Amino acid sequence: MKLSKESILGLIALGTFLFMALLAPGFLSSNNINSMMFQIPEFGLLAIAMMVVIVTGGIDLSITYIAALAGVGAALMLTNGFGIFPAIIMAILFALACGAFNGFIVSKIGVSPILVTLGTMVLFEGVILAITKGSSISGFPDAYSLIGNGYYLGLVPFSIVIFAIFAIITGLLLSKTSWGRRVYMYGSNEVATLYSGVKNSKVLMKVYLYAALLAAISAIIMTSRYNSVKVDLGSSYLLQSVAAAVLGGTNIHGGYGKVIGTIYAVFVFQFIRNGLNLLGFHSSLVDVVIGSILILVLTMNFFSDKFKKKQEQKNASQAA
Amino acid sequence: MSDYILQMKNISKTFPGVKALDNVQLEVKKGEVHALIGENGAGKSTLIKILAGIHQPDPGAEFYFEGKDAEIKKPIDATLKGVSIIYQDLSLFPNLSVAENIYIGRDSGKKAWKKVNWKNIKRISEKALKELEVDVDINTKVEQLSIAQQQLIEIARAMAFESKLIVMDEPTSSLSSSEVEKLYRVVDKLSAQGISIIFISHKLKELFRLSDRFTVLRDGKYVGSYDVDTIDEAKLVNLMVGREVTYEKNQSQVKTGEVIFEVRDFSKSGNFKDISFQLREGEVLGITGLVGAGRTELAQSIFGINKKDQGSLEIHGEPVDIRSSEDAVKKGVAYVPEARQTQGLVLDQSIINNISLPVIDKLNNKFKFIDRKIEVEMAQQYIKSLDVRPSLPELPASKLSGGNQQKVVIGKWLSAQPKILIIDEPTNGIDIGAKTEIHKLLRRLANEGIGVIMISSELPEVLAVSDRILVMRNGKISGEMDVNQATQEKIMNYALGGNGKQHESVVIEKEKVSQEV
Amino acid sequence: VSENTSGSSEEGSNDSGGEESSDDGEMNIAVVPKLVGIPYFNASETGAVQAGEELGVNVEYTGPTQADASAQVKVIEDLVSKNSDVIAVAPNDPASVEPVLKKAKDQGIKVMDWDTPADKELVDLSVKQVDDEEFGRHMAGKLVEAMGTEEGKIAILTGGLSAANLNLWIDAAKKEFDENYPDIEIVSEKIPTDEKQQVAYQKTLDLLKSYPDLKGVLAVSTPAPLGAAQAVQEKGLQDEVSVVGSALPNDSEPFLEDGSLDTAVLWNPKKLGYLTAALGKMLAGGEMPEDGQEIENVGEISVKDDGKTVIMGPPADFTKENAGDFDF
Amino acid sequence: MKSLFKQKEFSILAIVLLISSILTFVSPVFLTVGNLLDLIEGNVVIGILAIGMTLIIITSDIDVSVAAVTTAVAVSISYLFGFLPDSWISVLLLFLFAPVIGLVMGLFNGLLVSKIEIPAIVVTLGTLNIIAGLVLYITNGNYVNSTSFPQSFLSFSNIEILGIPILIYLLAIVAVGTWFILKHTLIGRSVLAIGGNTQSSVRVGINYQRVKLFVFAYMGFLAGIAAIAQTAYTKAVDPNGMIGLELTVIAAVVLGGANIHGGRGSIHGTLLGVLLLAIMQNGMILARIDTYWQNVVTGAIIVIAVSYDQISYKRSQDKLANIEVEA
Ligand SMILES: Nc1ncnc2c1ncn2[C@@H]1O[C@H](COP(=O)(O)OP(=O)(O)OP(=O)(O)O)[C@@H](O)[C@H]1O
Ligand SMILES: Nc1ncnc2c1ncn2[C@@H]1O[C@H](COP(=O)(O)OP(=O)(O)OP(=O)(O)O)[C@@H](O)[C@H]1O
Ligand SMILES: [Mg+2]
Ligand SMILES: [Mg+2]
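Residue numbers (the working numbering), protein chains in the order written: chain A, 2 to 321; chain B, 28 to 544; chain C, 89 to 416; chain D, 1364 to 1690.
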């Protein structure tokens, strides 16, 4: 039997779901399922954004602050009487500006991403503080709050639909377009791509812009869900999104990573958090469990890989 | 006790999907130079890696050192037995000094807290470099050296060990003739000292020059071992390839076609100066010279990878401005780099993805998505026409043998259908069969109207393929000639700046040239 | 596996709350702090849990591990799914809990805020430890008192620039200075200390250096006064520089001892927790508290005119004399 | 090459000097012995951790669990105080226990990275969650303050030699010791070697798994020492006190010229990196920069610093004349 990393993780996600369904009271209750569906998109989008960057062998530590800044952009428009669309546009513009800044320094100047984004993380946070003086901007029109709290056709949350759409788009971009192909190739060997006439800087720039775009979408959902924005909007998602990406099978050194894997990872985290909350676990124990899962799964991968290799060896040598 | 330093018996190695070695044996006498030959992918490197303890053989393998049966589980086991190995793809530490690179490994297995003895390192490395007649400052970081220089450091390391058995996997592939001669002398010296040497190469000439015995592999199987005086080149080739290989020397008449490519006074400080030349329709232009002459730097500047200080280009009469490799490809210039593994290929990715990389944009269907079907077909076509083995399009390039990797790189550029093809050391580590194929290929491309510029340090190759030959020395063109006036002596004169002594050492009688290729 | 066991205190071992609560007939009151695992909210947990036992209701005290708005909302959403009868929230960001509290109300769950106010319109009941205005002014007064002069330079440390209630207090304090002590000069914008004693300590060191004539430090948020005091203590400036701020007595003791911290102003968070749970029970039972009502273990409470804003009482001052008498 | 290698640290040194001179100009206090000592003492913990992190980054790995590990050890120390008698022996014992506790946690990371071959960032993300979670669960975030510290420890932490606080000596010892390991011991050279090229290191018989195990264990060991420094410095144990510190540590190391892709890094560079961050922190108030703009300034300086470094590095690479072209 040959199962990809991703599908194994999918089974694990299913497993945790069933496990929690059995143990956690009200896990399957309609409004719990509902609240989970409301909780997934904002984190899911950030995790996918992080995944795309990691595929290039980089990392974007500024992603949550890009999101926060985008949120501020939207909030400023909304609280100054502009409509929803201008607000959304502004959010995206703010984010793209940040993405372009990261992208420029990474691709044109060639500083390693972790350095750049360590800096811009502080920088963007600073910009938000300078704009908001640290206080939160809130009080958005109800129409806006529908994005994050409303339902599509009265049953599926809007946000989850948006999430699904962007997940699919990302999947297609990565696996089917020449940009996506170059992202993977760059991730495995940037010198070779350069020697093959690939404009690395273009590829990278697009990556950071795209990540920023996803962050903006996530920000729009968050701001509308929480009806306010503050400097720390979603800041707790930073390391989590890295964790989700790698748990999802993304190679931290670049060159490999799939949207679906990341999504499964997000589900696993979601089911565990939610389930343990329902079981009344102390919140800090939830972190412990998440951490353990992360390590356990990857340890499992390691041994199953080893096992597979052995099998192949055997088959091959028998064949010969 | 036995007069064999090493005996390896019924060695098999199965990689997922490939049976790289099938019940192979290898016996090396004390103090002999033992040639290990076979086509690309025959399993030479794999056999060596097993000897080195990097790969584990399939069960049933037997090792004997000096008659005593031995076990090799880890690299250190081999080292302790006095085996040191020069790998086909170098194993140096770019961030460490030359001295340390030469010394490193001797303390392996010693206590972690052992204090390193810098004096000792200095002494040993300087001695080794002196024996090799290499002059680089031992404090230079290796990343600062050209590939050729790095190759020499690797050799120096092996010599610095008091090894009983030194394995050289294609050590001359990126050396220029004069350095090759140095190496030959070292080999003679070593075997005179009673040190045994396993020498892997695709250059039959040098094998006959050096070896006492041959072991031939074909498709991972053991063909046989032969004393040098019981065999000749033709027979040997027959054994390797399993068929007759016919050589031919380029019978070129001066090409008078229109100029399709022109380089005007290219200069880059510290690399090359005032380089101007033309390339005519149907012509193969050979650029040769000693390693470090600046050829690669020149090629990289033409291709837009490196900035140039000044200079201009014309393709088919119209000036083109190339600022990046992307421009180059757009304008129809292709460059096959000399560093296959790092610059030529994305090793972790499949053969297909590598071949389609430069043209991936052109494969879009109407949805702007890559048309996988076309892509696969295209890849298949080149895998076939270049006879890449194993011909598994989805196999990661890393799993190919050196020679087959090179074929993939060439395939990659053919897919881009370039106007101008610059190819740097095209047949490094490529076996005689594939080599002649590639030479034919280059000629064919030229005849089809692609301008071919071939950078090569291998004179016979230059003579066999080029119509016209440029010789570079210290970053300048020191000579230019048509192939039918060219001789190796003449070329070496230009390359060395008329240094008589050096030059004698590399004279090779002309008539033999044709055969070496 | 109930989070209540995690109480620092001995009486942590009640297994009510948690999973089985939804089945049995008892009342479920969820109390959500800004974050769990800091001394202040541990103290209020102790109080809330105690109330739960004494009044025979299930008190579930749970919150995020970081003072992060989105994380807190998730916790509340999960509580809504658990159909608690009452949810009392100390919002990290008042606006951000609005939607989820709406959702809770729609499901007939009574919602209240405590410690930090949420949206007035939304909550059925609002429990405040003190009146923010009063509290801010009170701290300002205490500082001037400690300085022993109505003029001079002072600096203000805060837990974080974006903490709503801290900002309220600081603004009130500033007003107090402007109106009644015009000769007091505040040297710089409020300085953030990331809710960390060490940061407060370093910032204070820097302050003392760049403003050698600094007379006082007003440190808002529980770790800040400790850090400030530590700096003063180490530089031996107890007599030159006065420190007043909001801190818990136990943590403050070593600094109150030698006067490096002059007064810690706060309220009894344990009582606050107790009061929240107690009022939660009333609310679930459909009653509303009245002004001047006596709550056992807490004391006399006051209710604002809007009829649903409860003030626990005046701020409590902790000094070297009384600091020892408290167990939080 | 030497010149170039200096280059890398040189550019950061330049920036440090630049900012320092600006600060000296705007605030007379900056260049006072007192301030500099405060400044250094305040960053001893970061310094010690950064030194450990340097080795890890040289091997092209990373450890985001350092802050959590340090906190965990600090908490253990506060428990140990309960058992240890109030005497100098206890302080010495502390220097035995704390590093060992850290070492154990480091070993755990190391085993997962080297033997199970899970990427370091993933492993340490995991352990970060686990350790931080457990610490918070067990302590419930309660401070332990100096009242429950043995007097001997307090007086230890107040020791000054030649007017210089003991903690600064501690940092110095760690720095010199680690420099020696890196420069003059086999294991140290192996660290650089596997950073430079893992495959080659395998071929020359370096046991790179053991080396990786070592760097993480050593990181844990230093985290133990850092925990003592932290406890001595704050005279309190705050389970939440170091959240997020790991990023500062990493920033310091990479600012100091260590190459995140391995092979490059030096102790003095790292110390410069720590210094740069320290000066910026310290400078904010001295330079009386408006609270709301401080992060903008800090962030901008970091970005500029790393960009400048990269640019000057590129330059020096280009300048490398490969062959002397005859005129
Ligand atoms: N790591 C690996 N995994 C799978 N297959 C491998 C691996 N390494 C080598 N092979 C296969 O084993 C066979 C022998 O490869 P090897 O490198 O030994 O050939 P070689 O004789 O050295 O060729 P060349 O002269 O081109 O270097 C080839 O078919 C190659 O594809
Ligand atoms: N990757 C590199 N890094 C630093 N210097 C290099 C590098 N490659 C080449 N050089 C230097 O540039 C000079 C020209 O090297 P180049 O490779 O262009 O010479 P060449 O004629 O192409 O010889 P070959 O390509 O056979 O090594 C050499 O002196 C070499 O030291
Ligand atoms: Mg080979
Ligand atoms: Mg070259």
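The C-beta atom is built at its ideal place from N, Cα and C for all residues, glycine as well. From a predicted model like this one, the values you see are computed outputs, not experimental measurements.
Hey, quick one: how far does the alpha helix (DSSP H) through residue i stretch, first residue to last?
i	result
D/A1431	V1429 to F1446
B/L266	E260 to V268
B/I437	G429 to S442
A/P42	S31 to V56
A/T118	P114 to T133
B/E365	Neither: B/E365 is in no alpha helix (DSSP H) and is coded neither H nor E.
Between the beta-carbon of residue i and the beta-carbon of residue j, is there less than 9 angstroms?
i	j	result
A/Y257	A/V107	no
A/S225	A/Y145	yes
D/S1428	D/I1501	no
B/A443	B/V373	no
A/V184	A/V53	yes
D/N1503	C/V124	yes
B/E197	B/G429	yes
Counting only Cβ pairs nearer than 9 angstroms, list the residues of chain B close to residue i.
i	result
D/V1554	Those within 9 angstroms of D/V1554 in chain B number zero; the least Cβ separation is about 10 angstroms.
A/V199	S352, E353, V356, L384, P385 and I387
Taking the alpha-carbon of residue i as reference, which of the options has the nearest alpha-carbon?
i	options	result
D/I1375	D/A1621, D/I1588 and D/I1569	D/A1621
B/V110	B/V143, B/S223, B/K300 and B/V214	B/S223
D/R1562	B/F120, B/N128 and B/V163	In the sequence on display, residue 1562 of chain D carries Gln and not Arg. Ranking B/F120, B/N128 and B/V163 by Cα distance to D/Q1562 puts B/F120 first.
A/L116	D/V1669, D/I1550 and D/H1547	D/V1669
B/V125	B/F304, B/Q115, B/T167 and B/I99	B/T167
B/E89	B/L413, B/S39 and B/S218	B/S39
D/G1626	D/V1485, D/D1424 and D/L1638	D/D1424
B/L427	B/D30, B/Y31, B/A47 and B/M35	B/A47
D/I1652	C/K359, C/K208, C/K278 and C/V147	C/K278
C/G347	C/V161, C/A317 and C/V308	C/A317
What does residue i touch in chain D if you count any residue whose Cβ is under 7 angstroms from its own?
i	result
A/S202	Neighbours of A/S202 on chain D: none; closest Cβ ~14 angstroms, over 7 angstroms.
B/S303	What B/S303 touches in chain D: nothing, since even the nearest Cβ is about 15 angstroms away.
B/G132	V1567 and G1568
At 9 angstroms on the CB atoms, spell out the chain A contacts of residue i, in chain order.
i	result
D/V1486	L295, I296 and L299
So the beta strand (DSSP E) residue i belongs to, where does it begin and stop?
i	result
C/P179	Premise fails: C/P179 is in no beta strand (DSSP E) and is neither H nor E.
B/Y249	K248 to D254
B/T514	First-last for B/T514: undefined, no H or E at that position.
C/A307	L302 to A307
Give me the chain D residues within the contact set of residue i, using Cβ-Cβ distance strictly less than 9 angstroms, ordered along the chain.
i	result
C/K278	T1654
At 7 angstroms on the CB atoms, spell out the chain A contacts of residue i, in chain order.
i	result
D/E1480	F303
Looking at C-beta atoms only, is the number of pairs between the segment 1469–1479 of chain D and the segment 1573–1593 of chain D that lie closer than 8 angstroms three or more?
Counting C-beta pairs closer than 8 angstroms gives three or more between the segment 1469–1479 of chain D and the segment 1573–1593 of chain D, which meets the contact rule.
Between the segment 168–182 of chain A and the segment 80–98 of chain A, are three or more C-beta pairs nearer than 8 angstroms?
no
Could you check whether the segment 265–280 of chain A touches the segment 23–31 of chain A, counting it as contact only if at least three pairs of C-beta atoms, one from each stretch, sit closer than 8 angstroms?
yes
Are three or more beta carbon pairs between the segment 333–345 of chain B and the segment 227–242 of chain B nearer than 8 angstroms?
Short answer: they don't touch.
Is the segment 1591–1600 of chain D touching the segment 1522–1533 of chain D, taking contact as three or more C-beta pairs under 8 angstroms?
yes
Below 8 angstroms, can you find three or more Cβ-Cβ pairs linking the segment 436–456 of chain B to the segment 49–64 of chain B?
no
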